[in-house]
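**Student:**
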Amino acid sequence: MTIFSSNTDDQLQRAIKITSPEHLQRVLSQLCMTIPEAKNLIASELLVPEDKVPVPAPRIELTLEDDEDDDDGDGDDESSTEPRTPTPTTSNKRKREAPSSIADHMNPQKEFKPRYVTCIECGEEYDVPENTSTSCRYHEATHGELDVDFFGDQIDFHNVDSEENRKRYPQGCIHECCEGTTLEPCQRDFHQSVKEPGVGREYF
Numbered sequence: 158m159t160i161f162s163s164n165t166d167d168q169l170q171r172a173i174k175i176t177s178p179e180h181l182q183r184v185l186s187q188l189c190m191t192i193p194e195a196k197n198l199i200a201s202e203l204l205v206p207e208d209k210v211p212v213p214a215p216r217i218e219l220t221l222e223d224d225e226d227d228d229d230g231d232g233d234d235e236s237s238t239e240p241r242t243p244t245p246t247t248s249n250k251r252k253r254e255a256p257s258s259i260a261d262h263m264n265p266q267k268e269f270k271p272r273y274v275t276c277i278e279c280g281e282e283y284d285v286p287e288n289t290s291t292s293c294r295y296h297e298a299t300h301g302e303l304d305v306d307f308f309g310d311q312i313d314f315h316n317v318d319s320e321e322n323r324k325r326y327p328q329g330c331i332h333e334c335c336e337g338t339t340l341e342p343c344q345r346d347f348h349q350s351v352k353e354p355g356v357g358r359e360y361f
């Protein structure tokens, strides 16, 4: 086994930064298969016990029929003037969870999930135990249209209308759900991820 001196630390950190994610994944997998201590340490950083995963309460949305029923009600009913209270969801005030311990992962009765996943609504990676009802900000109309007025006559609009430029110029991309730009999301909710390919979504 090669013994590295302390002056190789900087080069090792540089190598980690420039090595491809795919190769780093192979290295981590190899460490997990060959060194039990490394496996436990990596698991404590990348997995979270299921009992620490937030479970959103079901939400009841107000439908158009509900609005019509309210309009037909008795105008003298004081309750009809009361504002609607949104159905509560899991609290967005959560204490920051510590990474799962090595002892957790040595408990055969515990079930685990990946701790860091990517949201299918906003596209951001998130920490699962930190997921709250206001964590995700996104547009209901996910595909925005580039605003001609934003670009003006400086460039040929037909050449700029692409997914690459939608990401490059979010301030010039309008979403029809609220007429706001990509930088002004109109929805707030829990982050969501795909449970398994073809299975569907979960608040994960």
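Per my numbering, the very first residue in the sequence shown carries number 158; after that it's consecutive.
Even for Gly, the Cβ is constructed at its ideal location relative to N, Cα and C.
#1: Which term fits R272, buried or exposed, when burial requires 16 or more other beta carbons within 10 angstroms of its beta carbon?
#2: Would you kindly report the start and end of the unbroken beta strand (DSSP E) that includes V205?
#3: Any idea if I331 is buried or exposed, counting beta-carbon neighbours within 10 angstroms, 16 or more meaning buried?
#4: To the nearest angstrom, how far is the alpha carbon of E341 from that of H296?
#5: D362 bridges to which residues according to DSSP?
#6: Please report the distance separating the alpha-carbon of V210 from that of A200.
#7: Excluding the five sequence neighbours on either side, which residues of its own chain have a C-beta within less than 7 Å of the C-beta of L221, listed in chain order?
#8: Using the three-state DSSP reduction, which class does G301 fall into: helix, strand or coil?
#9: Between N249 and F347, what straight-line distance do the alpha-carbon atoms span, to the nearest angstrom?
#10: By DSSP, does D166 sit in helix, in strand, or in coil?
#11: Would DSSP call Q349 helix, strand or coil?
#12: Please confirm whether F308 and V205 have their CB atoms less than 9 Å apart.
#13: Within 10 Å of its beta-carbon, does Q349 have 16 or more other beta-carbons around it, so buried, or fewer, so exposed?
#14: My assumption, with CB atoms under 8 Å, is that L303 sits in contact with R325. Please give the rounded CB distance.
#15: Which residues share a DSSP beta bridge with I331?
#16: Compute the beta-carbon to beta-carbon distance between E278 and C293, rounded to the nearest angstrom, for a pair I have assumed lies under 8 Å.
**Tutor:** Reading from the atomic positions:
#1: Within the sequence shown, the letter at position 115 stands for residue 272. That one is buried.
#2: Your numbering for residue 205 matches position 48 in the sequence shown. Here the beta strand (DSSP E) through V205 covers 204-206.
#3: Counting from one through the sequence shown, the residue named residue 331 turns up at place 174. It is buried - the Cβ of I331 has at least 16 other Cβ atoms within 10 Å.
#4: Position 184 of the sequence shown, counted from the first residue, corresponds to residue 341. Position 139 of the sequence shown, counted from the first residue, corresponds to residue 296. Distance between the alpha carbons of E341 and H296: 8 Å.
#5: Residue 362 lies beyond the stretch modelled for the chain, which goes from 158 to 361, so this question has no answer here.
#6: Residue 210 sits at position 53 when you count from the first residue of the sequence shown. Residue 200 sits at position 43 when you count from the first residue of the sequence shown. Those two C-alpha atoms are separated by around 16 Å.
#7: On the sequence shown, position 64 is the one that residue 221 refers to. Low confidence applies here, because L221 scores a pLDDT of 37, under 50, leaving its location unreliable and the question unanswered by this model.
#8: Locating residue 301 in the sequence shown gives position 144, counting from the first residue. Reduced to three states, the DSSP call for G301 is coil.
#9: Residue 249 sits at position 92 when you count from the first residue of the sequence shown. Residue 347 sits at position 190 when you count from the first residue of the sequence shown. Annotation note: pLDDT 44 at N249 (below 50); position unreliable, coordinate value reported separately. Taking the straight line joining both Cα atoms gives about 9 Å.
#10: As a first step, residue 166 must be located in the sequence shown, where it is residue number 9. D166 falls in the helix class under three-state DSSP.
#11: Position 192 of the sequence shown holds residue 349. In this structure, Q349 counts as coil in the three-state DSSP scheme.
#12: Position 151 of the sequence shown, counted from the first residue, corresponds to residue 308. Position 48 of the sequence shown, counted from the first residue, corresponds to residue 205. Result no, Cβ atoms of F308 and V205 do not sit closer than 9 Å.
#13: Along the sequence shown, one-based indexing puts residue 349 at 192. So Q349 ends up on the buried side.
#14: By 1-based counting over the sequence shown, the position of residue 303 is 146. By 1-based counting over the sequence shown, the position of residue 325 is 168. At roughly 10 Å, the Cβ-Cβ gap does not stay under 8 Å, so L303 and R325 are not in contact.
#15: As a first step, residue 331 must be located in the sequence shown, where it is residue number 174. Looking at the DSSP output, I331 shares a beta bridge with E302, T338.
#16: Taking the first residue of the sequence shown as 1, we reach residue 278 at position 121. Taking the first residue of the sequence shown as 1, we reach residue 293 at position 136. With 8 Å as the limit, E278 and C293 qualify as a contact, their Cβ atoms being about 5 Å apart.
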